[in-house]
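Each number in this note's numbering comes from the position in the sequence shown (counting from 1) with 403 added on.
Backbone N, C-alpha and C fix where the C-beta goes; we use that ideal spot for every residue, glycine too.
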Amino acid sequence: MDPINLYDYESRARASLPHNNWEFIEAGAMDEFTTARNRSAFEDLTIRPRFLRNIDNRDLSTTMLGSELSFPVFVCPAGGHKLAHPDGELATARGAGMSNTLMMLSTSSHYSMEEVSAAASGPLMFQLYHRGHDLTEMLVHRAEEAGYKAIVLTVDTPVPSPKERDIRNQYVNPAELANFRATPERLAEVSGTDEAPNWQPAQVPPLSWEELDWLRGLTSLPLVLKGVRTAEDAHIAAESGVNGILVSTHGGRQIDSTMSAVEMLPEIVDAVNDNCEVYLDSGVRRGSDVLKALALGAKAVGVGRPLYWGLANDGAEGVHGVLEILRREFDHAMAVCGQTSATNLESNLINIPHNWGPARMAP
404 MDPINLYDYE
414 SRARASLPHN
424 NWEFIEAGAM
434 DEFTTARNRS
444 AFEDLTIRPR
454 FLRNIDNRDL
464 STTMLGSELS
474 FPVFVCPAGG
484 HKLAHPDGEL
494 ATARGAGMSN
504 TLMMLSTSSH
514 YSMEEVSAAA
524 SGPLMFQLYH
534 RGHDLTEMLV
544 HRAEEAGYKA
554 IVLTVDTPVP
564 SPKERDIRNQ
574 YVNPAELANF
584 RATPERLAEV
594 SGTDEAPNWQ
604 PAQVPPLSWE
614 ELDWLRGLTS
624 LPLVLKGVRT
634 AEDAHIAAES
644 GVNGILVSTH
654 GGRQIDSTMS
664 AVEMLPEIVD
674 AVNDNCEVYL
684 DSGVRRGSDV
694 LKALALGAKA
704 VGVGRPLYWG
714 LANDGAEGVH
724 GVLEILRREF
734 DHAMAVCGQT
744 SATNLESNLI
754 NIPHNWGPAR
764 MAP
């Protein structure tokens, strides 16, 4: 029987993947409180169904910085897809293309950005770990030449955060980082990132707010900041002229004891005041989660761990299957809430726990 929800994909992946690979994919930082909270916070939100409406024609489509998506779910940047399937990011790109949606490719991919671009039929964005000006300039120029639509700068890894499961397992990423094949020296420069072969601290400090102009000066591509967690930083980002913010806890893999992504979403949406697009990842497992995030002001949401589950089950077809389940469930959530447009949701679609404080609803 085919999987009927994402948890079916998860259980099958757990049974089929090597122990250390599964642990790497599943693990969060330290006590993994944030990883768990990413799910429990979504579960604390409840929907307010509306009936007796004409919902025959439901439009699930949206855009991200001008790129068209058939529904508001995209593939998050996550490194090392060969951990789940030999075709790695090539299969992920194909699966995303089958679902007519966008894929963000990680710096730490097992296939190069050029190889993934050649395999993709849908839009791509490139996630960037800054580990030195020379390295960043090389990656950004290559991404632009390969047809990527935006640079997604990860900002929540100022220092390495080894996951305790990986330390116990003495885990070492078994595949090379394909964007640095010809330059072994480059591997040292990306140390300290989530998927790098070792956990030694990077020798180069992360970018500061003052250096965003330098990064933007490298390319005409839009800039998205991934990992912004507070209204204060979101306000600075919007004032700095970034094009988008991806509200993300890195799946709880980098910092523990923070709020979940969806809890942080309302204050960040308020802080940017429509001056840039806002997306969300971390903890999305149901189509109703997509509706909840959009009702709180996100333009689209991403999935990370579930793409590994899909890969482990059936490569590109598995990724496509995961996305199509989310599409079907999101469409159902739209219907029971009496909504016909993913980009024009009514207000008051969800009940927000009182201890979350004030929240902006979609217009």
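Through-space distance from N582 to G482, alpha-carbon basis: Numbered from its first residue, the sequence shown carries residue 482 at position 79. Numbered from its first residue, the sequence shown carries residue 582 at position 179. So the two alpha carbons sit approximately 11 Å from each other.
Outcome for Q573 when other beta-carbon atoms lying within 10 angstroms are tallied against a minimum of 16: Indexing the sequence shown from 1 puts residue 573 at position 170. Exposed, by the Cβ-count rule.
Proximal residues to E492 (C-beta, below 7 Å), its chain only, five neighbours per side dropped: Residue mapping note: residue 492 aligns to position 89 of the sequence shown, counting from 1. The answer, listed in chain order, is H484, L508, S512, H513, Y514, V519.
Between the CA atoms of A496 and E720 - distance to the nearest angstrom: As a first step, residue 720 must be located in the sequence shown, where it is residue number 317. As a first step, residue 496 must be located in the sequence shown, where it is residue number 93. One C-alpha to the other measures close to 11 Å.
H544, buried or exposed, once every other Cβ within 10 Å from all chains shown has been counted against 16: Here residue 544 corresponds to residue number 141 of the sequence shown, with the count starting at 1. Result: exposed.
Beta strand (DSSP E) segment containing L626, residue limits: Position 223 of the sequence shown, counting from 1, holds the residue named residue 626. Unbroken beta strand (DSSP E) run through L626: 626-629.
Coil, strand or helix - V704 by DSSP: Here residue 704 is taken as the residue at index 301 of the sequence shown, counted from 1. Strand at V704.
Residues bridged to Q530 (per DSSP): The residue given as residue 530 occupies position 127 in the sequence shown. V555, per the DSSP bridge assignment.
Coarse secondary structure for G431, derived from DSSP in three states: Taking the first residue of the sequence shown as position 1, residue 431 is located at position 28. It is coil, neither helix nor strand.
Distance, V650 Cα to G535 Cα: The residue you call residue 535 lines up with position 132 of the sequence shown. The residue you call residue 650 lines up with position 247 of the sequence shown. The straight-line gap from Cα to Cα measures roughly 24 Å.
Pairwise C-alpha distance: I570 and L463: By 1-based counting over the sequence shown, the position of residue 463 is 60. By 1-based counting over the sequence shown, the position of residue 570 is 167. Straight-line Cα distance between these residues: approximately 42 Å.
Buried or exposed (CB count within 10 angstroms, at least 16 for buried), N676: Residue 676 sits at position 273 when you count from the first residue of the sequence shown. So N676 counts as exposed.
S419 versus V722 - alpha carbon distance: As a position in the sequence shown, residue 419 is number 16, starting the count at 1. As a position in the sequence shown, residue 722 is number 319, starting the count at 1. Cα to Cα, the separation comes out at about 16 Å.
Uninterrupted beta strand (DSSP E) stretches inside the segment 419-490 (no shorter than 3 residues): 465-467, 470-472, 476-478
Residue environment, M404, which counts as buried when at least 16 other CB atoms sit within 10 Å: Sequence index remark: in the sequence shown, residue 404 carries index 1 (1-based). Exposed: under 16 other Cβ atoms inside 10 Å.
Local Cβ density within 10 Å of Y410, reported as buried at 16 or more and exposed below that: Residue numbering aside, residue 410 sits at position 7 when the sequence shown is read from its first letter. With fewer than 16 Cβ atoms within 10 Å of its Cβ, Y410 is classed as exposed.
Nearest residue (CA-CA) to S744, options N460, E426, E429: Residue 744 sits at position 341 when you count from the first residue of the sequence shown. Here the closest residue by C-alpha is N460.
N- and C-terminal bounds of the beta strand (DSSP E) containing I648: Position 245 of the sequence shown, counting from 1, holds the residue named residue 648. Per DSSP, I648 belongs to the beta strand (DSSP E) from 647-650.
Residue closest to S427, alpha-carbon to alpha-carbon, out of L699, V725, C679, G655: Translated into the one-based positions of the sequence shown, residue 427 becomes position 24. Sequence check: residue 427 is Phe here, not Ser. It is G655.
Cβ contact (3+ pairs, closer than 8 Å) linking the segment 468-479 and the segment 701-720: yes
Assigned exposure category for W712 - 16 Cβ within 10 Å defines buried: For the purposes of this step, residue 712 is taken as residue 309 along the sequence shown, with counting starting at 1. That one is buried.
Sequence-distant residues of its chain with Cβ nearer than 6 Å to L610 (five each side left out): Mapped onto the sequence shown, residue 610 falls at position 207. H533.
Bridge-paired residues (DSSP) for V681: As a position in the sequence shown, residue 681 is number 278, starting the count at 1. Answer is I648.
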